[in-house]
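> Input: one structure, supplied below.
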């Protein structure tokens, strides 16, 4: 991945583990996987998750991660508006668009572009006597598509309300302080694990 000058400057502010963590996230790994791949030594998944969240809450790490995500979205030319537009196109697909007045399938070249893009399978079966034929078309799942439309940021039909309580602090933390905090969290979780065994 080639970094812009701005991204390189942001990366220079991070230590090696933090960079590996961010690159792990960018490659599609979960926070836990990225934490372990970056050299994390948590003994339990619960501790690893807490440590990964702590790393990502570091403003410098978050800034580098956000910069890479923005660039990736820009390069893919995919944003929320694009996704919404495509979901609406799928929702508006009508089987009559590919059928003639006798309900025979039109030639593929006469199909609307949206149909050509979203059909995942076309199967034609002819009978031996030449009297019959069957054409099967696999098209997008409309119910799943509507669910995705409803969950879309701009539509918000299924918005979950999540309430956070308690104090949330974001602060700049040194590598040494971060390592110390990770060790504290690991020992705290280990104590809780030992209590559960007794």
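In the numbering used here, the protein residues as written are 2 to 199.
Just so it is clear, CB atoms sit at the ideal spot from N, CA and C, and this is done for glycine as well.
Report back the beta-carbon spacing between residue 48 and residue 190 to the nearest angstrom; my notes put them in contact at under 8 Å.
4 Å
> Would you kindly report the start and end of the unbroken alpha helix (DSSP H) that includes residue 164?
Premise fails: residue 164 is in no alpha helix (DSSP H) and is neither H nor E.
> Please confirm whether residue 12 and residue 26 have their CB atoms less than 8 Å apart.
Contact: no.
> For residue 94 and residue 100, which I take to be in contact (beta-carbon distance under 8 Å), what is that distance rounded to the nearest angstrom?
Their Cβ separation, rounded to whole angstroms, is 12 Å, which puts residue 94 and residue 100 out of contact at 8 Å.
> Out of curiosity, what's the CA-to-CA distance linking residue 124 and residue 137?
5 Å
> Just how far apart, CA to CA, sit residue 167 and residue 43?
Going by C-alpha positions, residue 167 is about 25 Å away from residue 43.
> Using three-state DSSP, classify residue 111 as helix, strand or coil.
helix
> Is residue 15 closer than 8 Å to residue 61 when the C-beta atoms are compared?
yes
> For residue 82, does the three-state DSSP call read helix, strand or coil?
helix
> Helix, strand or coil: how does DSSP classify residue 124 here?
strand
> In whole angstroms, give me the CA-to-CA distance for residue 3 and residue 116.
36 Å
> Would you kindly work out how many angstroms separate the C-alpha atoms of residue 69 and residue 59, rounded to a whole number?
16 Å
> Does residue 126 pass the burial test, meaning 16 or more other C-beta atoms within 10 Å, or should it be called exposed?
exposed
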